[in-house]
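In what follows, a structure is listed as C-alpha cells, so that the remarks can point back to it.
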Amino acid sequence: MNEYLTFFTNDGRFDIEVNFVNSAARIAKRYASISDITGLLELLESNEQLRMTFDEYPGTITAISIDPILNKLKLTVQL
93 MNEYLTFFTN DGRFDIEVNF VNSAARIAKR YASISDITGL LELLESNEQL
143 RMTFDEYPGT ITAISIDPIL NKLKLTVQL
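When you read off a place in the sequence shown, starting at 1, and then add 92, the result is the number in the working numbering.
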C-alpha cells in the first residue's frame, strides 16, 4: 500500500476529508503524510467495526475511498 501511495503522490501529502452520513456538513480538511495515511489504514483494518471518535462522539466508518491522482482520502462516518 505504501509504495502505491508514494508512486502517485507528488508532494507526499494527502487531503483528508470526513463526511457524515445524512449530512451535508464536513469536518475541516486536514493534511497527512503517506506514513500517517498508512498508519490510519492499519489502525482501521485492526479495528473490527471501523470505529473512531470525532469530537468525543463515537462514529462508525461506513466507507473509505482513496484517490491517489487527487491525493485525497475520504472517510464517510455514521455517528
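Beta carbons are placed, not taken as given, at the ideal position from N, Cα and C, and that holds for glycine. On a predicted model such as this, the values are computed, not experimentally measured, just so you know.
Backbone CA spacing between residue i and residue j [nearest angstrom]
i	j	result
Tyr149	Leu171	7 Å
Arg143	Ala116	21 Å
Ala155	Asp103	25 Å
Ile161	Tyr123	15 Å
Ser127	Thr145	21 Å
Glu140	Ser157	18 Å
Arg105	Lys164	9 Å
Lys166	Leu135	16 Å
Asp147	Leu132	17 Å
CB-CB length for residue i against residue j, believed under 8 Å
i	j	result
Ile153	Thr130	Wrong, their Cβ atoms sit about 16 Å apart, outside the cutoff.
First and last residue of the uninterrupted beta strand (DSSP E) at residue i
i	result
Ser115	From DSSP, Ser115 is part of no beta strand (DSSP E); its letter is neither H nor E.
Leu165	Lys164 to Gln170
Gly151	Tyr149 to Asp159
7 Å CB neighbourhood of residue i in its chain, flanking five on each side removed
i	result
Lys121	Asp107, Ile108 and Glu109
Asn114	none
Phe112	Val169 and Leu171
Boundaries of the alpha helix (DSSP H) in which residue i is found, first to last residue
i	result
Asp128	Ile126 to Ser138
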